[in-house]
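A short write-up of the structure that comes next.
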Amino acid sequence: MILVSEVGPRDGLQSISRVMPLAAKKAWIAAEAAAGVREIEVGSFVPPGLLPQMADTAELVAFARTIPGLNVVALVPNAKGATRAVAAGVMGMSIPFSMSETHSLKNVRKTHAQMLAEIAAVAEIAHAAGVHFAVGLSTAFGCTIEGAVPEATVVRLAAAAAEAGAAEFSLSDTTGYADPAQVKRLVRAVRAAVGARLTTLHLHNTRGLGLANALAGLEEGITTLDASLGGLGGCPFAPGASGNLVTEDLVLMLNSMGLKTGIDLEKLIAVRAILAEALPGEPLYGFTPDAGPMLDYRERLAK
Ligand code: ZN
């Protein structure tokens, strides 16, 4: 069983300037859960003044918690956000930890040492509340400012974050720089440092390599893949390129390969109508929604 974690309500929406109405976000989350999606990152506990798109995250957590069987997770930038996330009732939270120190300084004004202290603080809050805590190793495959990020750096920082109390890790291709060979190398190297705590790949499809990278990860034992419905968010530097890996295309690939996701593809594709209506004119990506499943798709599922 592969866990497809829907991150559109967080990563997708925070990448576009428009604010989706709360009612539409709720409809989106409910419809994806009804399609069989078992984990949704509903938002981010950043200061509301910073990202108005995420200002209703606490309300979304409360709503999502009423959906049976759904793992409700949120992003937290720091200990302050973690406290708010716990108060809102999240089941899991993750903090992004940029492997490029330049990127970290530019985005959250923190050095690696300061981030490790923040991770330790968040781990303590999570532990006390019985909330699952993951660290997203962002810009792990390359940085738009620094270029290459040495694999040894990623391994060293992952080990340090594990020491600081991270229960789970994802490798994040924030910049869409990863290639499949690199995914295999880095998954192996990080797993050697943190073991089975590395479960997840967070991929962007900026250069069209998202599915190839996902497959490379699966072959190395990755069991959770982040994706965004309609590849929402796009990439401002690559017109026509989706943001995150497109959930619909990923689910088609996994289901067709016989890797169980528990997600009904047709129901999932129908959820796009909610996005199209709430965000008119916003590009929605994906090949599967246009082409439809293969004629023998249902036969493949039965295998
Ligand atoms: Zn992302």
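Position one of the sequence shown corresponds to residue 0 (numbering that gives the first Met the number 0), numbered consecutively onward. By construction, the Cβ of each residue, glycine as well, lies at the ideal position given by its N, Cα and C atoms. Keep in mind that this is a model prediction, so the values were computed, not measured.
Residue range of the unbroken alpha helix (DSSP H) whose run includes residue i
i    : result
M114 : 111 to 128
T287 : 287 to 290
L200 : Where L200 is concerned, there is no enclosing alpha helix (DSSP H), although the beta strand (DSSP E) it sits in stretches over 197 to 201.
D248 : 246 to 256
V303 : Because the chain is modelled from 0 through 302, residue 303 falls outside the range shown and cannot be assessed.
E276 : 271 to 277
N212 : 209 to 218
V154 : 150 to 162
A30  : 21 to 33
A78  : 78 to 87
Where residue i falls: helix, strand or coil (DSSP)
i    : result
T101 : helix
E58  : helix
D10  : helix
E5   : strand
N243 : strand
L300 : helix
M53  : helix
V107 : helix
A226 : strand
A63  : helix
I268 : helix
G135 : strand
G48  : coil
G280 : coil
E167 : strand
Buried/exposed call for residue i, threshold 16 Cβ in 10 Å
i    : result
D248 : buried
D10  : buried
D55  : buried
K302 : exposed
K24  : buried
L21  : exposed
R190 : buried
A165 : buried
S97  : buried
F44  : buried
G229 : buried
Range covered by the beta strand (DSSP E) that runs through residue i
i    : result
I262 : Careful: I262 lies outside any beta strand (DSSP E) and carries neither H nor E.
G175 : Careful: G175 lies outside any beta strand (DSSP E) and carries neither H nor E.
D42  : The question names Asp, but residue 42 in the sequence shown is Gly. First-last of the beta strand (DSSP E) with G42: 38 to 43.
N70  : 70 to 74
Cβ-heavy atom distance, residue i to ligand 2, below 7 Å
i    : result
T173 : Of the ligands one can find in the structure shown, namely ligand 1, none is ligand 2.
Three Cβ pairs or more, each shorter than 8 Å: is that satisfied between the region 44 to 53 and the region 97 to 114? Segments in contact, no.
Check whether the region 170 to 177 and the region 117 to 134 touch, using three or more Cβ-Cβ pairs below 8 Å as the test. no
Counting beta carbon pairs with one atom in the region 80 to 88 and one in the region 148 to 164, are three or more of them shorter than 8 Å? By the Cβ rule, the region 148 to 164 does not count as touching the region 80 to 88, because fewer than three pairs are nearer than 8 Å.
Any contact between the region 210 to 224 and the region 269 to 277? By contact I mean 3 or more CB pairs, one from each, below 8 Å. no
Count Cβ pairs between the region 59 to 67 and the region 27 to 37 that sit closer than 8 Å; are there 3 or more? yes
So does the region 113 to 129 actually touch the region 139 to 146, counting three or more Cβ pairs closer than 8 Å? no
Does the structure place the region 176 to 183 close enough to the region 203 to 223 that three or more beta carbon pairs sit under 8 Å? yes
Does the structure place the region 0 to 7 close enough to the region 38 to 47 that three or more beta carbon pairs sit under 8 Å? yes
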